[in-house]
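Taken in order, these protein sequences are the chains called A and B.
In terms of this note's numbering, the first sequence opens at residue 2 and continues consecutively.
In terms of this note's numbering, the second sequence opens at residue 2 and continues consecutively.
Glycine residues also receive a C-beta, built at the ideal position from the N, C-alpha and C atoms.
Read the structure below first, then the notes.
There are 2 protein chains.
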Amino acid sequence: MKIDVTQHLTLGAKRTLKAFRLAMFEALSEKGFDKITVNDICKKSEYPRATFYNYFDDKFDLLQYLWSYIGKDILDKIPKNGDEEDGIVKIFNLLLEFFNDHQELLINITKNNGSDSHLWHSMSGYLRHEANILIYNYCKENNQVKVPVKLLARFYSDLIIAVLEWCLFEQPDIDVDTADEYLISLLNGGLNA
Amino acid sequence: MKIDVTQHLTLGAKRTLKAFRLAMFEALSEKGFDKITVNDICKKSEYPRATFYNYFDDKFDLLQYLWSYIGKDILDKIPKNGDEEDGIVKIFNLLLEFFNDHQELLINITKNNGSDSHLWHSMSGYLRHEANILIYNYCKENNQVKVPVKLLARFYSDLIIAVLEWCLFEQPDIDVDTADEYLISLLNGGLNA
DNA sequence: GTTGTATTTTGACAGTTGTCAATTATTTTA
DNA sequence: TAAAATAATTGACAACTGTCAAAATACAAC
């Protein structure tokens, strides 16, 4: 991003950001992400290309911003500290719940794009990153493990995303209890669980 | 890829593929992947752009092909079946060994690109994919686990890449035994290990 | 309200991308 | 070896990308 959205934004900047956000969201419901051009976004938002590049590096950058905007809703619900295992399961359940509550978003993500598309990769990458930060905070107090905390947090966030992807794309009709069972099984070691 | 490199290739096709492979490899040692253009590759290989597009969709596609070409060396060494845990550790050790033996490759990957760059993501994505196929074959006989085999294999390949990345970028002077310890700890459940 | 400053918007540009039908080279067959 | 068939190469094209310095707008202080 060319600007810092965590700082104070002028009315104009807010208006423009919103227009680009909505334009991308609309475009995503119409065609695959790789077919969407910056020109498409600019036509929809009625801004010239140069304005787009005042805010974003490219269309990937806008997508990233879109996820972070949507993601605020989920992240606010997650407790900032607590027990490791509980925290991990909690994050996972909130993510699963979020996608159940936003079926239409998931449909847009998969409609014109495969589950291996850039679109899902970009979103899951964002979620993994945010989960990683939260989990690192859960883990950093715990010095009893043999493994470096940063690696441990990475391991947990990878796991959450893996099970989430499984539930969304491979077994969409799964119930929460079974999903949690999968997660906890792997959390406690895949082999002997 | 526009052509199937597993099928028989004519002399001309082999010659051209090699030229593009070498051109990309050389370009990577000179600048960051995102700064490399198809034009650069074509200048180096002395082929016109249109020829490039007869073989590859884009520069990402060529990169993918480059990894698969380089990766043949590693993959051939890995036993095609065996015990789960042993197999996973074996794959991990071969990957670690490979990068120790090819320091200059790793340097090229990191020199003009961060560890979070497209370049490493592309390579690790390829390795994860290949590891996943091998591990799936190890696991598919084992019906005693609660978790779907496909998810289990995904979990293991994610884990291998996570520990590999840790060893290459966060703790480059790590010894193999410590690395294996990390891997096995996480394999047996991060929390109670 | 006017002035000056900072921010946002803009059109135009040079370079890059991916595709096409036409050309050239290579291999196969007779 | 010559003709036919197949495969590889090519230049030219239209569309897209990202950047710039100039213009327009919003905002603050007086």
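Item to complete: Please state if the CB of tyrosine 137(B) and the CB of tryptophan 68(B) are separated by a distance shorter than 9 Å.
Response: Against a cut-off of 9 Å, the Cβ pair of tyrosine 137(B) and tryptophan 68(B) comes out as no contact.
At a Cβ cut of 8 Å, what residues of the stretch 125–154 of chain B count as close to chain A, listed as they run along the chain? Hits within the stretch, in order: Val146, Lys147, Val148, Pro149, Lys151, Leu152 and Leu153.
TODO: Specify whether the stretch 173–182 of chain B and the stretch 160–173 of chain A touch according to this definition: at least 3 beta carbon pairs, one from each stretch, less than 8 Å apart.
DONE: Because the criterion of three Cβ pairs below 8 Å is not met, the stretch 173–182 of chain B and the stretch 160–173 of chain A do not touch.
query = Using the C-alpha atoms, what's the distance from leucine 63(A) back to arginine 16(A)?
reply = Rounded to whole angstroms, arginine 16(A) to leucine 63(A) spans 15 Å at the Cα level.
Note down, in chain order, all residues in the stretch 160–172 of chain A with a beta-carbon under 9 Å from any beta-carbon belonging to chain B.
-> Taken in chain order, the members of the stretch 160–172 of chain A whose beta-carbon sits within less than 9 Å of a beta-carbon on chain B are Leu160, Ile162, Ala163, Val164, Glu166, Trp167, Glu171 and Gln172.
### Query
Rounded C-beta distance between phenylalanine 34(B) and serine 125(B)? I'm assuming under 8 Å.
Between the beta-carbon of phenylalanine 34(B) and that of serine 125(B) there is about 14 Å, and that puts the pair past the 8 Å contact cut.
- Using three-state DSSP, classify glutamate 182(B) as helix, strand or coil. Three-state result, glutamate 182(B): helix.
Original post:
What's the C-alpha gap between glutamate 171(B) and leucine 12(A)?
Top reply: Glutamate 171(B) and leucine 12(A) have their C-alpha atoms roughly 43 Å apart.
query = arginine 50(B): buried (16+ other C-beta within 10 angstroms of its C-beta) or exposed?
reply = Exposed, since its Cβ has fewer than 16 Cβ neighbours within 10 Å.
Is there a Cβ of chain A sitting closer than 9 Å to that of serine 186(B), yes or no? Yes, serine 186(B) lies at the interface with chain A (some Cβ there is under 9 Å from its Cβ).
| request: Tell me, to the nearest whole angstrom, how far the beta carbon of glycine 190(B) is from that of leucine 135(A); I am working on the premise that it is less than 8 Å. | output: That belief does not hold up - the Cβ atoms of glycine 190(B) and leucine 135(A) are roughly 20 Å apart, past 8 Å.
*Do the stretch 39–56 of chain B and the stretch 20–28 of chain B make contact, defined as three or more Cβ pairs closer than 8 Å?*
Enough Cβ pairs lie closer than 8 Å, so yes.
*alpha helix (DSSP H) segment containing leucine 95(A), residue limits*: According to the DSSP assignment, leucine 95(A) belongs to the alpha helix (DSSP H) that extends over 85–102.
Leucine 153(B) and phenylalanine 100(B) closer than 9 Å at C-beta: Going by C-beta atoms, leucine 153(B) is not nearer than 9 Å to phenylalanine 100(B).
Worksheet item: For asparagine 143(A), which of Asp59(A), Glu85(A) and Leu169(A) has the nearest alpha-carbon?
Response: That would be Glu85(A), whose Cα lies nearest to the Cα of asparagine 143(A).
Notebook entry, point to check: Name the chain A residues that come within less than 8 Å of tyrosine 183(B), Cβ to Cβ?
Noted result: Within chain A, the C-beta atoms nearer than 8 Å to that of tyrosine 183(B) come from Lys147, Val148, Pro149 and Leu152, in chain order.
- Message: Distance check for threonine 38(A) and lysine 112(A), CA to CA, integer angstroms please.
- Response: Cα atoms of lysine 112(A) and threonine 38(A): separation of roughly 18 Å, rounded to the nearest angstrom.
Report the three-state DSSP secondary structure of isoleucine 134(B) (helix, strand or coil). Helix.
field: Assigned secondary structure, alanine 194(B) (DSSP; H/G/I helix, E/B strand, else coil)
entry: Its pLDDT being 48, under 50, alanine 194(B) is placed unreliably in this model, and the value from its coordinates should be taken loosely. Residue state, collapsed to three classes: coil.
Contact with chain B by glutamate 105(A), beta-carbon distance below 9 Å: Chain B places no beta carbon closer than 9 Å to that of glutamate 105(A), leaving this residue out of the contacts.
If distances are taken between C-alpha atoms only, which option among Phe57(A), Ile71(A) and Asp59(A) comes closest to phenylalanine 26(A)? Of the listed residues, the one whose Cα sits closest to phenylalanine 26(A) is Ile71(A).
Report task. Output the distance between the C-alpha atoms of threonine 52(A) and leucine 29(A), rounded to the nearest integer angstrom. Result -> Spanning the alpha carbons of threonine 52(A) and leucine 29(A) requires a straight line of approximately 20 Å.
Next item on the list: Using a Cβ-Cβ cut-off of less than 7 Å, give me the residues of the stretch 72–106 of chain B that come near chain A, in sequence order.
Entry: Sequence-ordered contacts of the stretch 72–106 of chain B with chain A read Glu85 and Glu86 [C-beta pairs closer than 7 Å].
(Q) Assuming lysine 19(A) is part of the alpha helix (DSSP H), what are its boundary residues? (A) Its alpha helix (DSSP H) spans residues 12–31.
Is the separation between the beta-carbon of phenylalanine 57(A) and that of serine 123(A) shorter than 9 Å?
Cβ distance not < 9 Å, so phenylalanine 57(A) and serine 123(A) don't count as in contact.
>> The alpha helix (DSSP H) that contains aspartate 41(A), what's its start and end?
In response: Where aspartate 41(A) is concerned, the enclosing alpha helix (DSSP H) stretches over 39–46.
Partner residues on chain A for phenylalanine 53(B), Cβ-Cβ distance less than 8 Å: For phenylalanine 53(B), none of the residues of chain A pass the 8 Å Cβ criterion, the least Cβ distance being about 19 Å.
In chain B, which residues lie less than 7 Å from glycine 190(A) when you measure between Cβ atoms? The contacting residues are Leu188, Asn189 and Gly190.
Original post:
Which value, in whole angstroms, describes the spacing of the CA atoms of alanine 194(B) and isoleucine 185(A)?
Top reply: Low confidence applies to alanine 194(B): its pLDDT is 48, below 50, so where it sits in the model is not reliable, and the reading given next is rough at best. Alanine 194(B) and isoleucine 185(A): Cα-Cα distance of roughly 14 Å.
**Message:** Taking only three categories from DSSP, how would you classify asparagine 55(A)?
**Reply:** Secondary structure at asparagine 55(A): helix, using DSSP grouped into helix, strand and coil.
**Request:** May I ask you to report which of helix, strand or coil DSSP gives leucine 188(B)?
**Result:** Here DSSP, grouped into helix, strand and coil, assigns leucine 188(B) to helix.
Quick one: does phenylalanine 34(B) have its CB under 9 Å from some CB of chain A? Answer no: the Cβ-Cβ gap between phenylalanine 34(B) and chain A never drops below 9 Å.
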